[in-house]
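Report on the structure given below.
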Amino acid sequence: MSLNCNEINVILSELKLEGSFIQEIIQPGYDTLALYTYANGEGKTIIICTAQNACRINETRRKIAKNDKPLRFMEFLRSNIKGSKITSCRQVGFQRIIKMDLTHGDDSFVMYIRLWSNAANIILCDTQNNILDTMFRRPKKGEITGGTFVCPEDSGEEPKKVFPVRDFEELQEEFEKNNPGKPVLTFNQKVDLWYGEHAETLSREALLAQAEKWYIQTKSRMVNALEKLKQKQEEFKNCENLKHQGDLILSYGYLLTGKDRFLECEDYESGKTVRILVDPEKSAHENAAIYYENYKKAQNGSLSIIHDIELSENKIKKLDSRYEEIINEKNPVKIEQLLRKNVTPKQQKKKEHPGLDYTVDGWYILVGRDANENDELLRHHVKGSDLWLHVRDFPGGYVFVKNRPGKTVPLEILLDAANLAVYYSKARNAGKTDLYYTHVKYLRRAKNGPKGLVLPTHEKNLCITPDKKRLERLDSLKQDEEL
-17 MSLNCNEINV
-7 ILSELKLEGS
3 FIQEIIQPGY
13 DTLALYTYAN
23 GEGKTIIICT
33 AQNACRINET
43 RRKIAKNDKP
53 LRFMEFLRSN
63 IKGSKITSCR
73 QVGFQRIIKM
83 DLTHGDDSFV
93 MYIRLWSNAA
103 NIILCDTQNN
113 ILDTMFRRPK
123 KGEITGGTFV
133 CPEDSGEEPK
143 KVFPVRDFEE
153 LQEEFEKNNP
163 GKPVLTFNQK
173 VDLWYGEHAE
183 TLSREALLAQ
193 AEKWYIQTKS
203 RMVNALEKLK
213 QKQEEFKNCE
223 NLKHQGDLIL
233 SYGYLLTGKD
243 RFLECEDYES
253 GKTVRILVDP
263 EKSAHENAAI
273 YYENYKKAQN
283 GSLSIIHDIE
293 LSENKIKKLD
303 SRYEEIINEK
313 NPVKIEQLLR
323 KNVTPKQQKK
333 KEHPGLDYTV
343 DGWYILVGRD
353 ANENDELLRH
363 HVKGSDLWLH
373 VRDFPGGYVF
383 VKNRPGKTVP
393 LEILLDAANL
403 AVYYSKARNA
413 GKTDLYYTHV
423 KYLRRAKNGP
433 KGLVLPTHEK
443 NLCITPDKKR
453 LERLDSLKQD
463 EEL
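Take the sequence shown: its position 16, counting from 1, is numbered -2 in the working numbering, and each next residue is one higher.
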């Protein structure tokens, strides 16, 4: 269980952090922060945990493990409050909120540590309570950079419910048995021992609760999207009827008078009389062409929707598989790693280049979508041996296929890159399109030309008709990587 308000008060009275300096900051996990403090020749390691059912602050003698990758909030605190002096550290009334005033040179900060079991957070503010950053960003609560933290007022009244301070009697007895003649444990030491023994169970429960929340929310969103796709599929099922109506208009076009908005005729398949909406100002062939065009659109949409439904169903299966992997994992550290990988991929993987990228059969394709991305890719992210593609006679993005030593770009990869080049250009809807390609080393910048403009030499020609299925396959590969 988390520390109650009276236990927090005892902890702070023992810590006596006023006048200490923060020498180092470590964030071993997404919900834990460690402050290494120093004062009067003595160093203390203060652990702050915001995990559900395990919220606490206490001194620890345990070694704090560093995370494999530096976390955002830790890096922010290091750049702002490392080396700061703690001028005051007090509990806000009888609430489970700690207010820590910090000074760093000419700068002053206020750090709020809220130890609420279901809404714990660490929030760094300026002296006006403007939020600089938080451990957990919660936009709906306004707990984001630029927001304002509203600290509950200190009423001075004691809580109506009595919250006893735990004595941890069993721990004390165990300690006295194994360490005869040594001083009685402080409350900080008891808390550190108790949570150290129960940390694995408490941490795993909190992590699994977070995993369940993520899984329910994500699956609900995916299932709703799948239902919408299936509803759309039902709408496309009558596309054959559109073609049949076009056939009927051609068959009975001689009945059109140029005045009526409906064509009444006998359906030669069912034998029933049907009414078909027509444009009186158009001929039979023109009206039929409209129905045929709508039929083709519905047919293409029907094929596309089947692909989208399969993709959505596969995503749900992958989500189920990943959630099952998390709940079957016993090690809390491993659970945390899996959660971070699945819940917050953007924090873990920083984009290293502009534009889009695709990996197909081991070949890496980069796509610039405008002049800025084209120029940035060309300047900093490709080499002379990489392949460059661009459409002829139309503005558009540059596509690069990264070189693999000793290998020639296969035709299928070249066609993938060509389709991407057409799709991200003004030739997207032009049908059959000409492109040229060459190696980056044969590109020369146009003197005084627009940003990103290059003049190719040793180029080869390529003519393609955009392949929708190929683009859908590339899109599905991209989405699989992101899931």
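We put the CB at the ideal spot given by N, CA and C, even for glycine. Remember, it's a predicted structure, so these values are computed and weren't measured experimentally.
Note: residue 20 is bridge-paired with 3 and 25 in the DSSP secondary-structure output. Taking each of 40, 400 and 424 in turn and checking the Cα distance to residue 347, the smallest one comes out for 400. Cβ-Cβ distances below 6 Å link residue 366 to 422 and 423 in the same chain, with the five nearest sequence neighbours on each side left out; the list follows chain order. Scanning its chain for C-beta atoms nearer than 6 Å, with the 5 sequence neighbours on each side dropped, one finds around residue 225 the residues 277, in chain order.
Here residue 119 has 126 as same chain residues with Cβ atoms under 6 Å from its own Cβ, once five neighbours each way along the sequence are excluded. Contact annotation, residue 36 with residue 188: C-beta distance approximately 6 Å; criterion of less than 8 Å satisfied. The residue from 94, 70, 87 and 90 with its alpha-carbon nearest to that of residue 78 is 94. Taking C-alpha positions only, residue 425 is separated from residue 374 by approximately 15 Å. According to the DSSP assignment, residue 227 belongs to the alpha helix (DSSP H) that extends over 221 to 233. Between residue 243 and residue 257, the alpha-carbon positions lie close to 10 Å from each other. Separation of the CB atoms of residue -16 and residue 38 is rounded to 6 Å, and the pair is thereby assigned contact status at 8 Å. Residue 213 carries a helical assignment under DSSP once its states are collapsed to helix, strand and coil.
The Cβ atoms of residue 12 and residue 311 do not sit closer than 8 Å to each other. Here DSSP, grouped into helix, strand and coil, assigns residue 173 to helix. Per the coordinates, the alpha-carbon of residue 8 lies some 51 Å from the alpha-carbon of residue 393.
Three or more Cβ pairs closer than 8 Å define a contact, and the region -8 to 9 meets that threshold against the region 70 to 87.
Comparing alpha carbon positions, the residue from 198, -13, 234 and 238 closest to residue 248 is 234.
DSSP places residue 96 in the uninterrupted beta strand (DSSP E) bounded by 89 to 96.
Here residue 42 carries a coil assignment [DSSP, helix/strand/coil]. Taking a contact to require three or more Cβ pairs closer than 8 Å, the region 198 to 205 and the region 215 to 225 do not qualify as touching.
Taking every protein chain shown into account, the CB of residue 260 has 16 or more other CB atoms within 10 angstroms, so this residue is buried. Straight across, the Cα-Cα distance linking residue 343 with residue 50 is about 30 Å.
Residue burial is scored here from C-beta neighbours: residue 19 has at least 16 other C-beta atoms within 10 angstroms and is therefore classed as buried. Excluding sequence positions up to five before and after residue 89, its CB lies less than 7 Å from no other CB in the same chain. In the DSSP assignment, residue 398 falls outside any beta strand (DSSP E) and lies within the alpha helix (DSSP H) extending over 393 to 405.
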